[in-house]
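*Asks:*
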Amino acid sequence: MTAKRVTVVDAGVGNLGNVERAVRSLGYEPDRTSDPEVVAASRRSLLPGVGAFRPPRERLRGALEEAFEHSLGQGGVLMGICVGYQLLFESSEEFGETDGLGLLQGHIKELPSTVPVPHIGWNRLTGVVSSNPLLQGIDEGSYAYFVHSFAPDGAAPEETLAECRHGRSFAAVSARGNVFGTQFHPEKSSTVGLKILENFLRYTERST
Numbered sequence: 008m009t010a011k012r013v014t015v016v017d018a019g020v021g022n023l024g025n026v027e028r029a030v031r032s033l034g035y036e037p038d039r040t041s042d043p044e045v046v047a048a049s050r051r052s053l054l055p056g057v058g059a060f061r062p063p064r065e066r067l068r069g070a071l072e073e074a075f076e077h078s079l080g081q082g083g084v085l086m087g088i089c090v091g092y093q094l095l096f097e098s099s100e101e102f103g104e105t106d107g108l109g110l111l112q113g114h115i116k117e118l119p120s121t122v123p124v125p126h127i128g129w130n131r132l133t134g135v136v137s138s139n140p141l142l143q144g145i146d147e148g149s150y151a152y153f154v155h156s157f158a159p160d161g162a163a164p165e166e167t168l169a170e171c172r173h174g175r176s177f178a179a180v181s182a183r184g185n186v187f188g189t190q191f192h193p194e195k196s197s198t199v200g201l202k203i204l205e206n207f208l209r210y211t212e213r214s215t
C-alpha cells in the first residue's frame, strides 16, 4: 500500500461513499474491501457503519477480526466511525447482548428514553483532549453530527478524548494505542469532522 491509500473496511452497513469522498478530498485514495488479507496488510484502516450493532459484528467475526489484530500487531492504525466505533468496545446490549472487538473498554447501551431517540443532529463535544493527535486543532465545544440510538457506557477515562451529552454523557471520541474512534460522523461534520479525519491520516503517516 502506498503512503496515500486508505483501507475502508466494508462490514456490510453504512454509506461508505460519503467516507470515501471525504478521504479523497484530503488527498488520499480509499480502497473499499472486505478481504481479510487486504485488511491484515493494511497500515491505515477506517471502519464505518450505521444501523444496528449485531449484523456488522457477525460480518467481522472470524477472519476479519483476526485481520484487524494482525494489522494492529504490525503497527497498523484503525479508526471506527459511528457503529464502527461501537464495534471497538467490549459488548453491546442492542437486540440482546453481543460481544464486540474488545479494543476499547466499555459497553454499548441505549440512550435514555427521556430524550428523543435516535439522537440525530449537531451536538457539542466537551472535555476535548486537544493534546491527542486525533483532536489537535479541535476546540472545546466544537459541534459534530450524530445519528445513533446507542452509545458507550463505562468507557475508560484514559481512553476518552471527548464526550457528548444526550440524556446522559457518553464517550464521543476515543483512543487506545493505534485504535481511534468517533461516535459521530466526521464525514458529515463539516470542517471539524474533516480536520479529525485529516489528523487521523497524518497520524498514520507518522506511525507507520
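Our numbering puts the first residue of the sequence shown at 8, with every later residue one more than the last. Virtual Cβ for every residue (Gly too), placed ideally from N, Cα, C.
Unbroken alpha helix (DSSP H) runs of length 4 or more, entirely within the stretch 49 to 92: which are they?
*Replies:* List check, alpha helix (DSSP H) in window: 61 to 67 and 70 to 80.
*Asks:* Below 7 Å CB to CB, which residues in the same chain sit around Gly-174 once its five sequence neighbours on both sides are set aside?
*Replies:* These residues qualify, in order along the chain: Leu-118, Pro-119, Thr-121 and Val-122.
*Asks:* Would you tell me roughly how many angstroms separate the C-alpha atoms of Leu-53 and Val-46, rounded to the nearest one?
*Replies:* Each residue's alpha carbon lies about 10 Å from the other.
*Asks:* State the DSSP-derived secondary structure class of Thr-211, mapped to helix, strand or coil.
*Replies:* Looking at Thr-211 - three-state DSSP - the assignment turns out to be helix.
*Asks:* Contact between the stretch 60 to 78 and the stretch 23 to 37: three or more CB pairs below 8 Å?
*Replies:* Too few Cβ pairs lie closer than 8 Å, so no.
*Asks:* Threshold first: 3 residues or longer. Then list the beta strand (DSSP E) segments lying entirely within the stretch 113 to 173, N to C.
*Replies:* Those beta strand (DSSP E) runs which fall completely within the stretch 113 to 173 and span 3+ residues are 114 to 117, 126 to 131, 150 to 155, 157 to 160 and 167 to 172.
*Asks:* Counting beta carbon pairs with one atom in the stretch 93 to 110 and one in the stretch 138 to 150, are three or more of them shorter than 8 Å?
*Replies:* At 8 Å Cβ cutoff, the stretches do not touch.
*Asks:* In three-state terms, what does DSSP make of Met-8?
*Replies:* Annotation note: pLDDT 43 at Met-8 (below 50); position unreliable, no value reported.
*Asks:* For Gln-112 versus Ala-162, is the C-beta distance shorter than 8 Å?
*Replies:* For Gln-112 and Ala-162, yes; Cβs fall inside 8 Å.
*Asks:* Alpha carbon to alpha carbon, what distance is there between Ile-203 and Gln-143?
*Replies:* Rounded to the nearest angstrom, the two C-alpha atoms are 8 Å apart.
*Asks:* In the DSSP assignment, find the beta strand (DSSP E) that holds Val-180 and state where it starts and stops.
*Replies:* Where Val-180 is concerned, the enclosing beta strand (DSSP E) stretches over 176 to 183.
*Asks:* Can you tell me whether Asp-146 is buried or exposed? The criterion is at least 16 other CB atoms within 10 Å of its CB, across all chains shown.
*Replies:* Label assigned to Asp-146: exposed.
*Asks:* Between the C-alpha atoms of Gly-24 and Thr-14, what's the straight-line distance to the nearest angstrom?
*Replies:* Near 13 Å, if we compare the C-alpha coordinates of Thr-14 and Gly-24.
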